[in-house]
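Novice:
In full-length UniProt numbering, the protein residues as written are 1 to 284.
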């Protein structure tokens, strides 16, 4: 349940925590991924923070429209300056969760010390991509986002573009998602572990699985494994901490490249943009 009424504001997050406040929170501080999604939905955070992967400056791949909207970035969430945060007078913290238990980018104690509720919404593979986007839509609506609450999911026209492009590319057109790890290593994504990759597979895109080995979400290996899989298109992690797939020793000659942010804002607009970019890559 969520919303605002005569008895105050309430929202149940994806840990099952029932949050409450006397009034609808107006001053939201969020993890950058969550903050960018809320901005897309019409709720502008007063500030955002990063994850342990992020540095003192915002990662352009994860920023969405936050910088253009003038939303300040506070640095990594687990190194937040308590006094700076207190000066912002937050009324709600918004983070994501991968395990349904703990916020990903900030210590829960921070919210406790401030005396403000902390909402953590799931972005893990226990939910489908439409469900993840839908939950952010519900939170946006609970925070007063203008317009009707979105139904959730990627807009139909963007999914139709991917479906048509997958047919045009053909059944043998393999797509590999990866994140460069540096030192000659690469993380190869397991498609079923990523809600957006699973959704693309459901639309007919042939996602390549890296095969057996350790790691639930990634297989960490040498670049030669990427060559062996012979992808026709590579979705490469374009976040600042990931190394880029350059050179013939890393990818097959002629492989197409499309940037992929594994922490894309869970909003219809952000995923529509990504799906259209992939559709263009499949047919270029």
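Note that beta-carbon positions come from the ideal geometry of N, C-alpha and C, so glycine has one too.
Since the model is a prediction, treat every value here as computed from it, not as a measurement.
Which whole runs of the alpha helix (DSSP H) in the segment 61–99 are 4 residues long or more, in chain order?
Specialist: Unbroken alpha helix (DSSP H) stretches of 4 residues or longer found wholly inside the segment 61–99: 82–87, given in chain order.
Novice: Expressed to the nearest angstrom, what Euclidean distance is found between the alpha-carbon atoms of residue 60 and residue 245?
Specialist: Looking at the two C-alpha atoms, the distance is approximately 18 angstroms.
Novice: Within its chain, find whatever has a CB closer than 8 angstroms to the CB of residue 65; leave out the 5 residues flanking it on each side and keep chain order.
Specialist: The beta carbon of residue 65 is closer than 8 angstroms to those of 36, 39, 40 in its chain, skipping five residues each way along the sequence.
Novice: Beta carbon of residue 76, beta carbon of residue 115: below 8 angstroms?
Specialist: Against a cut-off of 8 angstroms, the Cβ pair of residue 115 and residue 76 comes out as no contact.
Novice: Would a C-beta distance cut-off of 8 angstroms place residue 72 and residue 125 closer than the cut-off?
Specialist: no
Novice: Check this for me: beta carbons of residue 32 and residue 63, under 8 angstroms apart or not?
Specialist: yes
Novice: Ordered along the chain, which non-local residues of its own chain (more than five positions away) have a Cβ less than 6 angstroms from that of residue 174?
Specialist: 206, 208, 231, 232
Novice: By how many angstroms is the C-alpha of residue 155 removed from the C-alpha of residue 144?
Specialist: 22 angstroms
Novice: So within the segment 100–179, which uninterrupted beta strand (DSSP E) runs reach at least 3 residues, ignoring any that extend past its ends?
Specialist: 118–122
Novice: Does the distance from the CB of residue 14 to the CB of residue 122 come in under 8 angstroms?
Specialist: yes
Novice: Need the endpoints of the beta strand (DSSP E) that residue 18 sits in, please.
Specialist: 18–21
Novice: Beta carbon of residue 227: closer than 7 angstroms to some heavy atom of the ligand FAD?
Specialist: The model depicted lacks the ligand FAD and carries no ligand whatsoever.
Novice: Taking its Cβ as the centre, do 16 or more other Cβ atoms sit within 10 Å of residue 250, making it buried, or is it exposed?
Specialist: So residue 250 ends up on the buried side.
Novice: To which residues does DSSP link residue 259 through a beta bridge?
Specialist: DSSP lists 236 as partners of residue 259.
Novice: Identify, in the order they occur along the chain, each residue of the same chain with its Cβ nearer than 7 angstroms to the Cβ of residue 24, setting aside the five sequence neighbours on each side.
Specialist: 4, 9, 143, 144
Novice: Given a threshold of 16 other Cβ atoms within 10 Å of its Cβ, counted over all protein chains shown, does residue 106 qualify as buried or as exposed?
Specialist: buried
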